[in-house]
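Note sheet for the following structure.
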Amino acid sequence: MTQEQMHVATARFVLRVPWARSLKDKRQVVRSLRDRLAARFNAAVAEVEDMDNLQRAVLGVAFVGNDAGILRAELDKVTQLVVSHSEAELVDREVKVTPFATRFMDLGLSTSEG
Numbered sequence: 001m002t003q004e005q006m007h008v009a010t011a012r013f014v015l016r017v018p019w020a021r022s023l024k025d026k027r028q029v030v031r032s033l034r035d036r037l038a039a040r041f042n043a044a045v046a047e048v049e050d051m052d053n054l055q056r057a058v059l060g061v062a063f064v065g066n067d068a069g070i071l072r073a074e075l076d077k078v079t080q081l082v083v084s085h086s087e088a089e090l091v092d093r094e095v096k097v098t099p100f101a102t103r104f105m106d107l108g109l110s111t112s113e114g
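All residue numbers for the sequence shown refer to this note's numbering, where the first residue is 1 and numbers rise by one.
Spelled out as structure tokens, the structure:
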């Protein structure tokens, strides 16, 4: 029997919005992309850096699940959607899928009695 383990998948996307002439322009693009990602993938999505930079946006995306392979595949699909977004250009991407060990597991303790 395999032990299921919680995994956390995160991605950081650096985007360029070359046509933006105001923060309102940039925020419109960010909001559109954020809403599409959250709706299509049921992911947590937020602008995490450079909020006051007119032509640069950094989005963070996060998933939780018990299968690292499925999470990686979802992050690949997210990347494809980001790349296909016509109003922003993907400059950089960083993705991670990491196991999440519970406090009991970290201490070598069991949560089951027996």
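All C-beta atoms in this analysis are idealised placements derived from N, C-alpha and C, irrespective of residue type, glycine included.
Query raised in the report: Do you know how far the Cα of residue 69 is from the Cα of residue 27?
Result: Indexing the sequence shown from 1 puts residue 27 at position 27. Indexing the sequence shown from 1 puts residue 69 at position 69. C-alpha separation (whole angstroms): 32 Å.
Query - Integer-rounded CB distance, given that residue 88 should sit under 8 Å from residue 29 - result: Numbered from its first residue, the sequence shown carries residue 29 at position 29. Numbered from its first residue, the sequence shown carries residue 88 at position 88. Contact holds; Cβ gap of about 5 Å.
Query raised in the report: Do you know how far the Cα of residue 22 is from the Cα of residue 58?
Result: Position 58 of the sequence shown, counted from the first residue, corresponds to residue 58. Position 22 of the sequence shown, counted from the first residue, corresponds to residue 22. Looking at the two C-alpha atoms, the distance is approximately 16 Å.
Report task. Please list, in chain order, all residues of the same chain as residue 12 whose beta carbon is under 6 Å from its beta carbon, the five residues on each side excluded. Result -> Translated into the one-based positions of the sequence shown, residue 12 becomes position 12. For residue 12, where only same-chain residues beyond five positions count, the Cβ hits under 6 Å are 60 and 94.
Query raised in the report: When you compare each of 17, 31, 25 and 71 to residue 55 by their alpha carbons, which one comes out closest?
Result: Within the sequence shown, the letter at position 55 stands for residue 55. For residue 55, the nearest C-alpha among the options comes from 17.
Query raised in the report: Name the DSSP beta bridge partners of residue 61, please?
Result: To locate residue 61, count along the sequence shown from 1; it is residue 61. Looking at the DSSP assignment, residue 61 forms a beta bridge with 11 and 45.
Requested in this report: Quick one: measure Cβ to Cβ for residue 38 and residue 62, integer angstroms, because I've assumed they're closer than 8 Å.
Outcome: Against the sequence shown, residue 38 aligns to sequence position 38. Against the sequence shown, residue 62 aligns to sequence position 62. So it is not a contact: roughly 11 Å between Cβ atoms.
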